[in-house]
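Data first, discussion second: the structure below is written as structure tokens.
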Amino acid sequence: MWHSLEIDEIYKKLETEPGGLGEKEAQKRLAAFGPNKLPEEKKVSRLKIFFG
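Going by this note's numbering, the letters in the sequence shown line up with residues 3 to 54, in that order.
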């Protein structure tokens with residue numbers, strides 16, 4: 003879908019601008035959606051691998 007849109011349409015749909023989000027909008031989205039961070043992977047212990 004995104005590949006078929008003009009760049010101005012994409013900015014409008016994502017409610018952003020070429021320079022990125024303003025400070026207020028960034029804070030608002032951070033509060034609404036949380037940080038843009040992937041969850042950390044759970045590490046498997048060597049003992050579990052050995053006995054598993």
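Every residue, glycine too, gets a C-beta built ideally from N, C-alpha and C.
The three-state reading of DSSP puts GLU43 in coil, since its state is none of H, G, I, E or B. It is roughly 16 Å from the alpha-carbon of GLU11 to the alpha-carbon of LEU23. Secondary structure of LEU7 (DSSP, three-state): coil. Per DSSP, GLU17 lies in no alpha helix (DSSP H) and is assigned neither H nor E.
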